[in-house]
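Let me begin by presenting the structure, written as structure tokens, before commenting on it.
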Amino acid sequence: MRWIEKKWVSVSLLWIAVLCIWQLGAVVYGPDVIPGPWSTLKGGQELLADGTLTKYIGISFYRVLVGWVLGSLVAIPVGLIIGKVNVIRIFAEPFLNFIRFIPPIAFITLFLVWFGIGEQSKIALIMYATFFIVVLNILTGVMSVEEDKIRSARSMGASEWQILLHVIVPATIPYIFTGVRIAMGTSYMAIIGAEMIASNEGVGYLIWNSRLFFRTDWIFVGLFCLGFMGFFTDRLLGWFGKKVLFRYGVVSVAGKRR
Amino acid sequence: MTLLAKQNAIHIEQLRKSYSEPSVGDVHYIIKDVDLVIKGGEFFILLGPSGCGKSTLLNMIAGFVSKSGGNLRVNDVEVNKPGRDRAVVFQQADSSLFPWLTVRQNVEFGLRMKKTPKEEQRLISDRYIRLVGLTGHEEKFPKELSGGMKQRVQLARVLANDPAILLMDEPFGALDAMTRRTMQKELVNIWRETHKTVIFVTHDIQEALLLGERIGIMSVGPSSNITDIYDNSLSYPRDVASQQFYNLYNTIQGHFEE
Ligand SMILES: Nc1ncnc2c1ncn2[C@@H]1O[C@H](COP(=O)(O)OP(=O)(O)OP(=O)(O)O)[C@@H](O)[C@H]1O
Ligand SMILES: [Mg+2]
Numbered sequence: 001m002r003w004i005e006k007k008w009v010s011v012s013l014l015w016i017a018v019l020c021i022w023q024l025g026a027v028v029y030g031p032d033v034i035p036g037p038w039s040t041l042k043g044g045q046e047l048l049a050d051g052t053l054t055k056y057i058g059i060s061f062y063r064v065l066v067g068w069v070l071g072s073l074v075a076i077p078v079g080l081i082i083g084k085v086n087v088i089r090i091f092a093e094p095f096l097n098f099i100r101f102i103p104p105i106a107f108i109t110l111f112l113v114w115f116g117i118g119e120q121s122k123i124a125l126i127m128y129a130t131f132f133i134v135v136l137n138i139l140t141g142v143m144s145v146e147e148d149k150i151r152s153a154r155s156m157g158a159s160e161w162q163i164l165l166h167v168i169v170p171a172t173i174p175y176i177f178t179g180v181r182i183a184m185g186t187s188y189m190a191i192i193g194a195e196m197i198a199s200n201e202g203v204g205y206l207i208w209n210s211r212l213f214f215r216t217d218w219i220f221v222g223l224f225c226l227g228f229m230g231f232f233t234d235r236l237l238g239w240f241g242k243k244v245l246f247r248y249g250v251v252s253v254a255g256k257r258r
Numbered sequence: 001m002t003l004l005a006k007q008n009a010i011h012i013e014q015l016r017k018s019y020s021e022p023s024v025g026d027v028h029y030i031i032k033d034v035d036l037v038i039k040g041g042e043f044f045i046l047l048g049p050s051g052c053g054k055s056t057l058l059n060m061i062a063g064f065v066s067k068s069g070g071n072l073r074v075n076d077v078e079v080n081k082p083g084r085d086r087a088v089v090f091q092q093a094d095s096s097l098f099p100w101l102t103v104r105q106n107v108e109f110g111l112r113m114k115k116t117p118k119e120e121q122r123l124i125s126d127r128y129i130r131l132v133g134l135t136g137h138e139e140k141f142p143k144e145l146s147g148g149m150k151q152r153v154q155l156a157r158v159l160a161n162d163p164a165i166l167l168m169d170e171p172f173g174a175l176d177a178m179t180r181r182t183m184q185k186e187l188v189n190i191w192r193e194t195h196k197t198v199i200f201v202t203h204d205i206q207e208a209l210l211l212g213e214r215i216g217i218m219s220v221g222p223s224s225n226i227t228d229i230y231d232n233s234l235s236y237p238r239d240v241a242s243q244q245f246y247n248l249y250n251t252i253q254g255h256f257e258e
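Chains H and E supply the protein sequences, listed in that same order. 258 is the number that full-length UniProt numbering gives the last residue of the first sequence; the numbers go up by one with no jumps. 258 is the number that full-length UniProt numbering gives the last residue of the second sequence; the numbers go up by one with no jumps.
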């Protein structure tokens, strides 16, 4: 039975099994409740043909990317400074631990009121979803930099600024990276929520709007798109981490083999 | 010699350390009323049982830990922070080396902080990497090295900053007997070449006798103190099998058995 241990064999078997169960569900419950693989594919083709799907994917992706990049860019220096300066940390920590329990979706209405119905409110929401996760991860990272590293740098004449730049930042990179990677996931959740409630474009809108026409197959298409978008960006990030940030001890979780 | 001895000397008077609040009535001292003068260029050993406060005293000289009373002067200047003149070799190379830097970059760290010209950094790092016998391993990362090699990197890294005083906290404690022996020999050679003041912490009597010119014995804590100082004028390299070595060993051994 050696052949079953080959990775591609077991993986394709698994996928075939999944497709079979899915098809079975479609047969048992009817295509309106569970659209089968084939009708989902047809639905997808339909949406691709008039260009809506590519447009929606592009829009959702653009929102996530802009909000996530901006959120991370703000979060990284803020997290480092909160972590490094004790006085600031003492004040900021309870606040951060309070905020982190409020999911981005809960803010949708408020953000619409504050930032308007346009792109700003969506990007602000993604920034919110990104910011706190990244900051909290960086805090953990800064707190776990070994004292000996900071001490040795200090006795080799490094200034506080140099210690931040040449010891704390590199030592914290794995934590920054993990934070940014998790934040990517929450960003997708946030954007779908926002698009369902307040948008007339995007994958979230597609999923929400399909209910009006009772097109469950379109909903399935939307779900798959989300899965793939998340999967590919995460893989891309993981690959980037492994290649570029290798020396800082970043390992790609997905690619890790035992 | 007298001029050298005056330079880089360490004067300790009635030095105390307590971690408890001064306002609390019953103050618990880790070390209490330590008096010690270490001459410039001397190889001094701090020997004592685990938990007696050797690291505490060393960290106070390094400027990492503040004193609770008494005087501590290096080169006639009161110590209140770490300085380039006092380099520390830590027990754990893993926690003190920078894993994101290569051997060479680790060794050049202090020079880079000081903004020494690149070519000069290179010359200096080459010299000390050669001195500790790591030529050919310059481009490796710490995790690619053995425990003994990492300790050599630590040694080269501090020597590259040309500190007047070397503070070493059980640096060979984690090494196997053979590597340890080699490192001890190399350390003696480096000290004899560079005339630095060395304070070396250990709880191994044989190591103490192999290395130092004087051995300060710390009593069991709390309120630990340096109770006795033994002179060891045996010539280098020292012979463990010699009668004098054996006698000295027994004297010190006897001290601890009392
Ligand atoms: N930050 C701290 N806060 C409170 N107590 C401390 C602190 N650091 C050390 N101590 C205490 O001071 C005492 C001496 O510790 P120290 O590390 O100096 O011992 P040591 O002689 O180096 O022991 P070892 O040989 O095991 O390394 C111990 O009782 C320890 O519990
Ligand atoms: Mg110790």
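Even for Gly, the Cβ is constructed at its ideal location relative to N, Cα and C. Remember, it's a predicted structure, so these values are computed and weren't measured experimentally.
Taking 8 Å as the threshold, the shortest C-beta distance from H:Met156 to chain E falls below it. Bounds of the alpha helix (DSSP H) holding H:Met189 are Val169 to Ile197. For E:Glu186, the enclosing alpha helix (DSSP H) covers residues Ala177 to Thr194. By the Cβ test, the region 196-203 of chain E is in contact with the region 26-45 of chain E, since at least three Cβ pairs between them sit closer than 8 Å.
Taking the Cβ of E:Glu170 as the reference point, at least one heavy atom of ligand 2 falls within a distance shorter than 7 Å. Rounded to whole angstroms, E:Lys32 and E:Ser223 show a C-alpha spacing of 5 Å. Interface criterion met: the Cβ of E:Ala62 is under 8 Å from a Cβ in chain H.
Under the three-state reduction of DSSP, H:Gln45 is assigned to helix. Using beta-carbon distances, H:Ser152 counts as an interface residue toward chain E, with a partner under 8 Å.
Checking the 7 Å criterion, the Cβ of H:Gly58 is out of range of every heavy atom belonging to ligand 1. Within the region 74-143 of chain H, the complete alpha helix (DSSP H) runs of at least 4 residues fall at 86-99, 108-115 and 119-143. Under the three-state reduction of DSSP output, E:Thr102 falls in the coil class, being neither helix nor strand. H:Gly249 reaches chain E at Pro99 and Trp100, counting residues in chain order whose Cβ is nearer than 8 Å. For H:His166, the secondary structure class from DSSP, reduced to helix, strand or coil, is helix. Buried is the label assigned to E:Arg104, since at least 16 other Cβ atoms lie within 10 Å of its Cβ.
For E:Lys114, the neighbours in chain H by C-beta distance under 7 Å run, in chain order, Gly157. Against chain E, the CB of H:Lys122 has no partner CB under 8 Å away; the residue lies outside that interface. Judged by DSSP in its simplified three-state form, E:Arg130 adopts helix. Of all residues in the region 205-222 of chain H, none has a C-beta nearer than 7 Å to a C-beta of chain E.
Close CB contacts of H:Ile76 within its chain, under the 8 Å cut and outside five residues either way in sequence, are with Val134, Ile138 and Ile176 (chain order). A Cβ-Cβ distance of about 13 Å is found for the pair H:Met156 and E:Gly63, leaving them out of contact under the 8 Å criterion. If only uninterrupted beta strand (DSSP E) runs of at least 3 residues are considered, those enclosed by the region 22-72 of chain E are 29-38 and 43-47. In this structure, DSSP gives H:Asp217 a helical state, which the three-state scheme calls helix.
Remark: C-beta atoms of E:Ile215 and E:Val34 do not approach each other more closely than 8 Å.
If you draw a 10 Å sphere on the C-beta of E:Asp169, you find 16 or more other C-beta atoms in it, and that means buried.
Taken from the Cβ of E:Ser66, every heavy atom of ligand 2 lies 7 Å or farther away.
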